[in-house]
Each structure stands twice: as structure tokens, then as C-alpha cells.
Amino acid sequence: MDKNLVEYAQQFTSPESQILSKINRETHLTQTYPQMLAGHMQGLLLRMISQMIRPERILEIGTFTGYSAICLAEGLTPPPSTLPFKGRRRGGVIHTIESNPELESTIRTYLEEASLEDSVILHIGDAIEIIPAIDETWDLVFIDADKPNYRNYYELVLPRVRKGGFILADNVLWSGKVLDLPLKWDRDTRGISEFNELVQLDERVENLLLPFRDGLMIIRKH
Ligand SMILES: C[S@@+](CC[C@H](N)C(=O)[O-])C[C@H]1O[C@@H](n2cnc3c(N)ncnc32)[C@H](O)[C@@H]1O
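Each residue of the sequence shown is one higher than the last, beginning at 4 in the working numbering.
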């Protein structure tokens with residue numbers, strides 16, 4: 004998108020919260036690939052989607068420094084003690100999975116600073132092994148980890164998504180590389196392209212490839 008239009012859009016978007024701005028800044032100072040962080044506008048989009056759904060159970064695959072987990076957590080159903088009909092609904096929880104153990108203490112520190120340590124359950128390890136071990140039904144899933152496994156994550160989570168529930172998948176345009184000839188695809192581009200095709204042909208869902216930032220696939224289970 005035209006740089007000036009992006010700046011204009013940012014100018015007419017609510018500002019980043021203090022904690023998210025801190026995570027954003029520190030991630031850029033300390034991490035080798037800070038561009039993996041969702042960032043302000045996408046974070047706000049994730050938060051608003053979560054606030055529209057009001058999920059009880061969210062699964063995030065790929066925590067990094069916790070930025071998007073915090074955004075998604077802000078839409079969770081509040082704890083039962085604050086609801087008028089106690090016991091009818093559970094308080095919301097987000098499970099988030101990160102394979103890099105070196106990120107654990109940073110993520111936990113940020114979750115505490117955001118007062119979300121009770122709402123966010125952090126799993127450190129390989130998502131392919133961890134997902135089947137979590138006994139939950141998902142209202143919302145955010146796929147944002149290694150691209151060659153997108154299809155595997157989708158197949159693992161879809162049976163556990165409730166009817167009418169949503170899956171979001173980030174980076175589905177992969178900087179435009181999905182338009183390259185298949186001969187030129189690297190593993191990541193192949194992973195993303197095959198994922199997009201799988202979803203498009205899947206009659207269990209309806210889907211929208213939103214050309215926002217690096218592409219966000221929004222999938223709703225019938
Ligand atoms: C794009 S970043 C996630 C960004 C984060 N969702 C955000 O918006 O702030 C992808 C993360 O997935 C993690 N990851 C890669 N492969 C994984 C796997 N097999 N299981 C769990 N996490 C994985 C990486 O270590 C990295 O931190």
C-alpha cells in the first residue's frame with residue numbers, strides 16, 4: 004500500500020497501549036527478527052476480532068514475545084465473578100505455544116506486567132506435539148508459527164474448533180512470493196501456498212483472504 008496512505012491510516016487509528024508499545028520497542032531492540040511481531044495495526048485488528056467473538060477458549064500457535072497473545076486476550080470472556088449469571092460461563096483463557104525456550108522469561112514478564120498471567124497459559128515446546136495434548140474446544144485459533152507446518156496446524160485444530168468458530172492465519176501472502184512460479188518456491192512459500200489451497204478447497208469452512216499487511220486468512224467453520 005502507498006506509504007502515505009499507511010501513515011494516514013495510522014493517524015486515524017487509536018494509539019498503542021503503554022505495555023504493547025513497550026513490548027514493541029524492546030522486541031525491536033533485543034530480537035534478531037523483530038518484524039515477526041504483529042505490530043500496532045494488526046494487533047488492534049486481532050484485539051477487535053477477539054472482542055467481537057468474546058471467546059472462552061483461544062489457541063495461539065507462535066507466541067514470540069507475547070504481543071499478539073496480549074491483544075487476543077483482551078477480547079476473552081471476563082471471569083465468572085464479574086458476570087451477572089455466575090456459573091453459566093467460564094472465564095476466558097488463551098493457550099499460546101512457543102518453541103523457543105529462550106523467550107519464556109521475557110513472555111512471562113510481559114504477561115505479568117499486563118496482569119494477564121492468569122488468563123494466558125504458555126506452553127514451551129513444539130506446537131505439533133503440544134496441540135493434541137490440550138483438551139479444549141476452540142472458539143478462536145491464531146496460526147502464526149513456522150510456515151511449512153501451516154497445513155498440519157490447520158488439520159490438527161479444525162476438528163477441535165466449535166461450529167461457527169474461527170481460525171486466523173497470518174502471512175498468507177508471504178511478501179507476494181505466493182505469486183512466484185511453483186518452481187521458485189522455497190519451503191516457506193510452498194507451505195503457505197499449499198495451506199491457502201487446502202483452505203480454499205475445504206467444504207468444512209468459509210474463508211476470506213484479507214490483503215491486510217502480509218495477508219490474514221480468516222476462516223469460519225460451518
Ligand atoms: C511470527 S512469530 C509469532 C509472532 C507473534 N504471534 C506476534 O504477533 O507477536 C513465530 C513464532 O513461532 C515460533 N515457532 C516456530 N516454530 C514453532 C513450532 N513448531 N511450535 C511452536 N512455536 C514455533 C517461533 O519461535 C516464533 O517465535
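For every residue, glycine included, the Cβ atom is placed at its ideal position computed from N, Cα and C.
Tell me whether the beta-carbon of Thr66 lies closer than 8 Å to the beta-carbon of Thr99.
Cβ distance < 8 Å, so Thr66 and Thr99 count as in contact.
Beta carbon of Ile131: closer than 7 Å to some heavy atom of ligand 1?
Ile131 has its Cβ nearer than 7 Å to a heavy atom of ligand 1.
Is the distance from the Cβ of Tyr153 to the Cβ of Ile26 below 8 Å?
No, they are not a contact pair.
To which residues of the same chain is Leu176 closer than 7 Å at the C-beta, ignoring the five residues directly before and after it?
Cβ neighbours of Leu176 beyond the five flanking positions: Pro214, Asp217 and Gly218.
Beta-carbon within less than 8 Å of Lys166's beta-carbon, same chain only, minus the 5 sequence neighbours each way: which residues are those?
The beta carbon of Lys166 sits closer than 8 Å to the beta carbons of Lys224 and His225 from its chain, once the five residues preceding and following it are set aside; these are given in chain order.
When the distance is taken between beta carbons, is Tyr70 closer than 8 Å to Leu40?
Cβ distance < 8 Å, so Leu40 and Tyr70 count as in contact.
Please classify Gln13 as buried or exposed, where buried requires at least 16 other C-beta atoms within 10 Å of its C-beta.
With fewer than 16 Cβ atoms within 10 Å of its Cβ, Gln13 is classed as exposed.
Consider the C-beta atom of Phe169 and the heavy atoms of ligand 1; say whether any pair is separated by less than 7 Å.
No; taking the cut-off as 7 Å, the Cβ of Phe169 has no heavy atom of ligand 1 nearer than that.
Leaving aside the five residues before and after Asp191 along the sequence, list all residues of the same chain whose C-beta is less than 7 Å from its C-beta, in chain order.
Its chain contains Lys150, Pro151 and Trp177 as the residues whose beta carbon lies nearer than 7 Å to that of Asp191, once the 5 sequence neighbours on both sides are disregarded; these appear in chain order.
Is it true that the region 158 to 165 meets the region 178 to 198, where meeting means three or more beta-carbon pairs spaced less than 8 Å apart?
With fewer than three CB-CB distances shorter than 8 Å, the region 158 to 165 does not count as touching the region 178 to 198.
Specify whether the region 44 to 54 and the region 73 to 83 touch according to this definition: at least 3 beta carbon pairs, one from each stretch, less than 8 Å apart.
Using a C-beta cut-off of 8 Å, the region 44 to 54 makes contact with the region 73 to 83, since at least three inter-stretch Cβ pairs fall below that distance.
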